[in-house]
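Read the structure below first, then the notes.
Protein chains in written order, with the numbering used here: chain A, 24 to 472; chain B, 1149 to 1462; chain C, 775 to 1121; chain D, 221 to 476.
Here it is, written out as structure tokens:
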């Protein structure tokens, strides 16, 4: 609370400084000095909060205060969290930050309820969805003596930190990296989400079961999209269908040309469905252009987990399009899991946002990290790694059972089916309507009439 | 023809956007000789003016958004000129230094907008990092062409016609052209150069911002990166015009729009070239044009600098 | 307790890599006046050359059939992890090979790219190179032998065979500092020579230089060869440091970061490039120790950092375009001749 | 006397404007020739054609190479320089961030230290550098500018800037020096001094000059032959006193 106020007060002050410093030679230097002083002050603050017996800890978020009233000998464990608070994934990252806050509160309450006189503290850093920064953050954690890090988000970032964490024995738990190239045994990388291969299989089953035989796979031209599309193609062929892959470039201002090219291809190939493998921004963009195309409105649409929970998808145009093309998506989800429903409810109550993709995986990553540290009994990377595997064997959280396979990835990932249906405050809402069970998709309800 | 009619519509739509974004770039460079990186911000700020009006103030009237955006981005452009470009030019800094300064400005504006979206997100809990298409109340819709096409056509027409009238038919326009052709001479002959330059910046900045507003009715999801991810294409279009000719810039807008829409759709449908090659196509076109038709005159490389009027001809 | 030694090692390593980039950019843009906004092309080329050579050759020299098990495949990655640190001689040999090949190929690329860019005036050069960077990125994304979108990972590092991680980090830092020193000496000598004088002349007025018989396009091509070569070397060092490369690492923002360094330090002053790189990388690193305790969520410190960097660029250019450190006179024996004359005249 | 430079019927058009319209002239060896004419008469355009900035639309430019005259029109400016033609500009184009000494040292061709590899080996070029520096010092002494050797161009007065550009050209032995208004903006006595030096160089070293100058009263004192351009055409030529008394010239100047 206090720090938040401080920031609010000091921000305009900095603004004033930068406005008036236009013309003087010394002002450039002064600005550097201000920055350095600010850093020094902040650093002093950091040392103070780190070493003193502080009973109020600010955990990541702006309003969170974990008030702990216990004996002064309480042991404090810091856990590093590197999140994409800026950059490409920042809209998800902001929600994740709140999940982290909630997870640490829950974790602390839980361990203290069990009688442990310890406190876990999140050290949250922004990695800007950039590889180099992810490494910088992990190094910074390591230099602060932190042995367990939650994140980074993308596979590319995990790859960059891998060599460093392996040699410095720091446990990395990524809640959202799904690249199959990271399924490597005996390293310090753990992932609390199933790989893309699993979801691709579910999506292929879903599409085939819905009677679709020839699909165009429209996918992000990045590691996620490419791997997902390859797996989808493989499984869909095994089932007896045909898949044509069209990659599209990411980071474009708009995807209208891509969608039009997709429409041309769908028409010329006579495909009966489009499978879209996208993130939120590009997914929403593509869907809203597709909604204007008669060709694309005349085929079925299936979507990966990326666009799920993006606000832009709940517009009227996309909602209508969804029911017209009977749009169905898959996502990692242990459906009808009371813990997940509880997390969702509390996120809405507390922060006014619904959890986005991978929130439950992130939540469980935090919990697992905490319990693994306690189980290890010593704050040492190798011990924690061993303990983490053991803890995960019996842990059940919002993301379901969290057991790791020999590669350190989530062994059993359940998948749910989602749709966009009328309802909710925005007119349309996301709804989980089915689940995948032993090779078939079972619908709990029919979303589209 | 297997090409979807949407491909054609997109070509026209993109041509409108490229026109509205590139013509001011060419015009401002011609008059002020500043390669303005911060041009990207003008697009983004135009779009985000509309988005903030919609998301924070709840207004979805395009004509209002266009006027506000025109004022906002026009003022930004003038501010850039008064605070940065003019002082630098007065000190005799070479164009490359001014360009690098505009790069600094670009960074500042870009991240200021990010900060603004974060603050807006904090207070409204809406996601401004990626904002869905805005449906405006005051533009005809329903069956037929989309809102963006109507608005795009309108704004492109208004831009072209008003610039033509301004440049060809008014005193101010003649002054602008005089400053562009020979700043020194213009000043000697009593044209208030500072005023003309600032006016140019205002008009150019404003047009780009207004184009940004139209963008929000077109794009499926607008992000604070919209201007940045389009800036290379916009510069490519202006380069086709050699950064001098407004007419050739217009041709460039159509050319690049066609390459990016018809070109990639054809290549994908008939040759299986991945759609993701689209940026590759654009930049190859740029390089090919630069190599085949190097710009002459001030914009040209050393071997072409003095060939303003062509080798022996013209 | 904060691990100060670890901090210094990691900071100096990244400082070293960025310094090589900023020194080479300073030669091109500060001394010779080529506004190179495509620095990332050569940096990326170097990184990819190191990654490709090292991963493929490690597998091939260990008798692995790369057509069966390519290094971007998960089996290849696991194998690289096992094989990469076995043979010190091979690791070091691959390092030297990568450095040499990266310098030559990135340099040649720079030399060739001077063809389109001399055809366009100063206004277009920056953007032409910038678009070329995007061209390269799209190409790499689609080129499967270098991993396509996946990129390459588990790149065996030159000192992978050293058991102790701290020793390994220090050894790598030593390597980076060695390369940095070489770069500095080479570029310092180039600047303080008749060539450096001609470069500055070309920067000041290329028309006048042309009239004095200087083949300006060729001179620019030469400079781009050297500058790009060193950028390639910096890329090699980055690839080994991150042990992973992918196309999206090499976006224009990297170039702008280097530009910020040379402008803050002073265009044309080599020490300024070092200072600029040191300040920027140091502030970035120190911020990671501070920001978690600020509890900021409304305004990201990263955005604020960029706003300040941008403002500093503008302010420095307006107030004093020469940056924190002004350009130094060219040191050649001619100075001695003149001071003898001047001294003799007065005495 | 053999011609060093021969311009034959050269024409250059810009759009509809005939900047040069069939101009022919000759500059003899060791000549000190003036080129005059009202503003916009095509003097600088002629320099630009001779030095390779413009390709003439018509006609030839020839330069002596031992016993032959060879065409140099169409060559690039740097190639023209290598053939032995050095020019200065009406608005001086000096290297502003370099010192006076450095400006002079840029000029000489064939500097070993300009090669990429040799630049790294100081020993390979330092001898030559010293030699060139001594030459520069000698020239600076001759023009009384030695004490400015380490000053930046931006610190010099207009007169010194003009002089420096002329001296810069003298750093290399050339067949022909084209000086574009060397005395513009220079006070009377300095201008005279400058022309005295030029004449001395011509007499002592046998150099050849073609000089554009507006200040006829000074120019006429020094040159031995004058060409007059008007509206892109040769209006008159001859010895200074002949030209001055030519009624056509007088009319052109008064008319302008």
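Glycine included, C-beta positions come from ideal geometry on N, C-alpha and C.
Residue i: CB within 7 angstroms of a non-hydrogen atom of the ligand MN
i, result
"residue 1101 of chain C", "The model on display carries no ligand, and the ligand MN is accordingly not part of it."
Range of the contiguous alpha helix (DSSP H) that encloses residue i
i, result
"residue 251 of chain D", "Where residue 251 of chain D is concerned, there is no enclosing alpha helix (DSSP H), given that its DSSP letter is neither H nor E."
"residue 818 of chain C", "813 to 835"
"residue 312 of chain A", "303 to 313"
Exposed unless 16 or more other CB atoms sit within 10 angstroms - verdict on residue i
i, result
"residue 1270 of chain B", "exposed"
"residue 190 of chain A", "buried"
"residue 1005 of chain C", "buried"
"residue 1262 of chain B", "buried"
"residue 134 of chain A", "buried"
"residue 138 of chain A", "exposed"
"residue 1119 of chain C", "With a pLDDT of 48 at residue 1119 of chain C, under the threshold of 50, the modelled position of that residue is not reliable, and no figure is offered here."
"residue 80 of chain A", "Note that residue 80 of chain A scores a pLDDT of 36, beneath 50, so its modelled location is shaky; the value from the coordinates is reported in the next line. Its Cβ being crowded by 16 or more others within 10 Å, residue 80 of chain A is buried."
"residue 850 of chain C", "buried"
"residue 775 of chain C", "exposed"
"residue 96 of chain A", "exposed"
"residue 402 of chain D", "buried"
"residue 1441 of chain B", "exposed"
C-alpha gap between residue i and residue j, whole angstroms
i, j, result
"residue 795 of chain C", "residue 811 of chain C", "12 angstroms"
"residue 262 of chain D", "residue 271 of chain D", "14 angstroms"
"residue 1024 of chain C", "residue 428 of chain A", "34 angstroms"
"residue 389 of chain D", "residue 333 of chain D", "20 angstroms"
"residue 863 of chain C", "residue 930 of chain C", "12 angstroms"
"residue 1413 of chain B", "residue 151 of chain A", "34 angstroms"
"residue 86 of chain A", "residue 1073 of chain C", "In this prediction, residue 86 of chain A has a pLDDT of 34, which is less than 50 and means its spatial position is unreliable; nothing more can be read from the coordinates."
"residue 287 of chain D", "residue 1342 of chain B", "58 angstroms"
"residue 1085 of chain C", "residue 1253 of chain B", "7 angstroms"
"residue 222 of chain D", "residue 252 of chain D", "14 angstroms"
"residue 268 of chain A", "residue 237 of chain A", "11 angstroms"
Candidates the options, of which the one nearest residue i by Cα
i, options, result
"residue 1000 of chain C", "C:912, C:961, C:1114", "C:961"
"residue 994 of chain C", "D:465, D:336, D:246", "D:336"
"residue 1095 of chain C", "C:1064, C:792, C:938, C:1046", "C:1046"
"residue 124 of chain A", "A:141, A:147, A:111", "A:147"
"residue 469 of chain A", "A:423, A:383, A:365, A:346", "A:346"
"residue 203 of chain A", "C:824, C:924, C:932, C:986", "C:924"
"residue 446 of chain A", "A:270, A:136, A:337, A:356", "A:337"
"residue 267 of chain D", "D:289, D:225, D:331", "D:225"
"residue 1101 of chain C", "C:1088, C:1089, C:1041", "C:1041"
Host beta strand (DSSP E) of residue i (start-end)
i, result
"residue 192 of chain A", "Neither: residue 192 of chain A is in no beta strand (DSSP E) and is coded neither H nor E."
"residue 453 of chain A", "451 to 460"
"residue 439 of chain A", "438 to 445"
"residue 948 of chain C", "Note, residue 948 of chain C: premise wrong, no beta strand (DSSP E); alpha helix (DSSP H) at 939 to 965."
"residue 242 of chain A", "237 to 243"
"residue 354 of chain A", "351 to 355"
"residue 267 of chain A", "265 to 271"
query: Would you call the region 1397 to 1417 of chain B and the region 1183 to 1200 of chain B in contact, with 3 or more CB pairs under 8 angstroms?
result: Output reads no: the region 1183 to 1200 of chain B does not touch the region 1397 to 1417 of chain B.
message: Could you check whether the region 1427 to 1442 of chain B touches the region 1377 to 1387 of chain B, counting it as contact only if at least three pairs of C-beta atoms, one from each stretch, sit closer than 8 angstroms?
response: By the criterion of at least three beta-carbon pairs nearer than 8 angstroms, the region 1427 to 1442 of chain B is in contact with the region 1377 to 1387 of chain B.
task: Evaluate contact between the region 216 to 226 of chain A and the region 427 to 442 of chain A, counting only Cβ atoms and requiring at least three cross-stretch pairs below 8 angstroms.
output: Here the region 216 to 226 of chain A lies against the region 427 to 442 of chain A, with 3 or more beta-carbon pairs under 8 angstroms apart.
query: On the three-pair Cβ rule with 8 angstroms, is the region 293 to 311 of chain A touching the region 938 to 958 of chain C?
result: In short, these stretches do not touch, since the Cβ pair count stays below three.
field: Any 3 or more C-beta pairs closer than 8 angstroms across the region 248 to 257 of chain A and the region 293 to 300 of chain A
entry: As far as the Cβ criterion goes, the region 248 to 257 of chain A touches the region 293 to 300 of chain A, which means the pair count is three or higher.
message: Any contact between the region 407 to 424 of chain A and the region 155 to 165 of chain A? By contact I mean 3 or more CB pairs, one from each, below 8 angstroms.
response: With contact defined as three or more Cβ pairs closer than 8 angstroms, the region 407 to 424 of chain A and the region 155 to 165 of chain A are not in contact.
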